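So the protein lines, in turn, are chains P and S.
Going left to right, the first sequence walks through residues 537 to 680 as my numbering numbers them.
Going left to right, the second sequence walks through residues 296 to 626 as my numbering numbers them.
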Amino acid sequence: MTRFGKLEFEPDRHSPEKVPDRENTAFDSSHWLQQADSHRRCGHYENALRMYSRALEEDKSIVEGWVGQVQMLVLLDECPEAEVWSGKGLELFPSHGDLLAARAQALCRLQKIKLANVACDGSMTQSGQSAYRWMVRGELWLIA
Amino acid sequence: MPGIEHCGRCGASLRVASMVIDVHPPRATRWSKRRRRWFPSLRLPGTRLLDAWQNVKTTLLGNWETDAPQSALFWRMIVPGWPQLFCKQIIRARLLFGVYVFLMLLGFIFLGTIGGSLFLGLAFSCHASSVLDVIFCGTQDTVSRIRYSLLSLVLLVFGVYYPAGWLVSWVVVPQRMMANAAPFQLGDVVLYSRLTYLISPPEPGDVVVYNIQRQRVQGALRGGNAIFVIEGRRIDRVLAGPGQEVVWENGELTVDGRISAWLPLNQSRRPTHHRVRIPANTYFIVPSTEAMVAWNSLSSRGMNVCLVSSRSIFGRVYLQTQPLSRFGWID
């Protein structure tokens, strides 16, 4: 490469390592969410947590990313951290049902049944439906 | 719309995408994971205490709101916990009232001692806390809070505690022993009432607090002549009233020709020979708790120290509170 090889007279002249723009669009938040979902289904919770974090780095407003992080922390048996992180998510999205349900699950596994009941009831009153909320409710009733 | 930061439907922040926030959750350390794996049901005592403290904070110290009228809350501040009960803050109300009653009880038991003053002060603080809790609930800015707090505390002191203290002081007055004076010892505390003798005069048999004006009495001590100076407050029993004739013979007391059932508090210290007719408005009280005086050595003139004017009697002693081992009625 000559000393003038880096001058930008013609784009992509001497940069074979540069990824084409078309490929860059695949690595956005939705891509990372898909990766996280597939890792979760395989039971690779650490990788799934990492993918959720990458998705949120791209777009912090994706609630599914926050919910997924809390769920992965619970599945990795890091329930105190899950409780803290669910609180952080609820500061940004106070009325999200799945986030409340994730918090309830973390509290339930920490044996804080009263607080878990409060969070679970809150999640059921929010708009929208998801199986996850009912699953958490069932788990809570089993424990209680 | 520009300027709106939260969704009106769900409350979610609309500026999340542009916020600079950490999206990486906290992780447990390796040792935390091992501890949780080995002892799954064990939580650190500190964590339990922290959780308990968080519950206490949320229940007791968290903000609460009420739409009750101010007038209804204002006069209820006389009793700690009553405004909270009126506003359905049951736990706060019970806690404030319970602690207040407990501290007042301790203050009464240890009345006359430093501990008693401390407990009464804490009870007042508890009452003030109840008042301030209501004020902080109804006000937001600092200036209003300071203003209403000062006003309420001043009203509490001069409107409730000062008159109550004045009333109670007629019935419950502590008297602490400053020296060993059998049957009392240094540090003993007795309670007397000033109200009793506003209604009726002292009766023989009453144990009273009275004052002896400075008197010099002549007597004997260790075989030699001695001058005894007697003055100050004493506690002892009234043996005879105005107009009665008192005769001490061989240590036995006869009042108006009949043997008296009453004896001085310290029965080992009493005159042996003495005869006197009690003047009007005067009572016969032998200061038997005076350790220095040998009563059997005093002259008749010296025995005048036993004649106490009715104006020198402060009140009737009815209860000994300290030490707790000798807590009981005095009769």
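Glycine is no exception: its CB is placed at the ideal position from the N, C-alpha and C atoms.
No experiment lies behind these values; they were computed from the predicted model shown.
Taking CB atoms only, Met399 of chain S has no neighbour in chain P less than 8 Å away.
In the three-state reduction of the DSSP assignment, Asn506 of chain S falls in the strand class, which pools E and B. Around the beta-carbon of Ala474 of chain S, fewer than 16 other beta-carbon atoms lie within 10 Å, marking it exposed. With fewer than 16 other CB atoms across the displayed protein chains lying within 10 angstroms of its CB, Met314 of chain S is exposed. The segment 562 to 573 of chain S makes no contact with the segment 454 to 467 of chain S: fewer than 3 CB pairs, one atom from each, lie closer than 8 Å. Listed along chain S are Pro320, Pro321, Arg322, Ala323, each with a C-beta nearer than 7 Å to that of Glu617 of chain P.
Of the candidates S:Val541, S:Trp557, S:Gln513, the residue whose Cα lies closest to the Cα of Asp531 of chain S is S:Trp557. Following the DSSP letters along the chain, one finds Asn653 of chain P inside the alpha helix (DSSP H) bounded by residues 649 to 661.
Collapsing the DSSP output to three states places Ser488 of chain S in a strand. Per DSSP, the continuous alpha helix (DSSP H) segment holding Val429 of chain S begins and ends at 409 to 433. Contact of Met372 of chain S with chain P is not assigned, every C-beta pair being separated by 8 Å or more. Assignment of beta-bridge partners to Gln617 of chain S by DSSP yields S:Val484. Within 9 Å of the CB of Ala307 of chain S, the CB atoms of chain P belong to Ser597, Val599, Leu628, Phe629, Pro630, Ser631, His632, in sequence order along the chain.
The residues Gly433, in chain order, have a CB closer than 8 Å to that of Gln365 of chain S in the same chain once the five nearest residues on each side in sequence are set aside. Non-local beta-carbon contacts of Val502 of chain S in its own chain, meaning distances under 6 Å to residues more than five positions away in sequence, involve Arg532, Val612, Ile625 in chain order. The beta carbon of Trp568 of chain P sits no closer than 8 Å to any beta carbon of chain S. For Thr549 of chain S, the enclosing beta strand (DSSP E) begins and ends at 547 to 550. The residue among S:Gly482, S:Gly538, S:Ser555, S:Val581 with its C-alpha nearest the C-alpha of Thr408 of chain S is S:Gly482. Bounds of any alpha helix (DSSP H) do not take in Ser604 of chain S; it lies within the beta strand (DSSP E) bounded by 602 to 604. Here Tyr581 of chain P is not near Gly601 of chain P, since their CB atoms are 8 Å or more apart. Here Glu627 of chain P is exposed. Its C-beta has fewer than 16 other C-beta atoms within 10 Å. Scanning S:Pro375, S:Cys601, S:Arg329 for the CA closest to the CA of Gln508 of chain S turns up S:Cys601. Beta-bridge partners of Trp568 of chain P (DSSP): none assigned.
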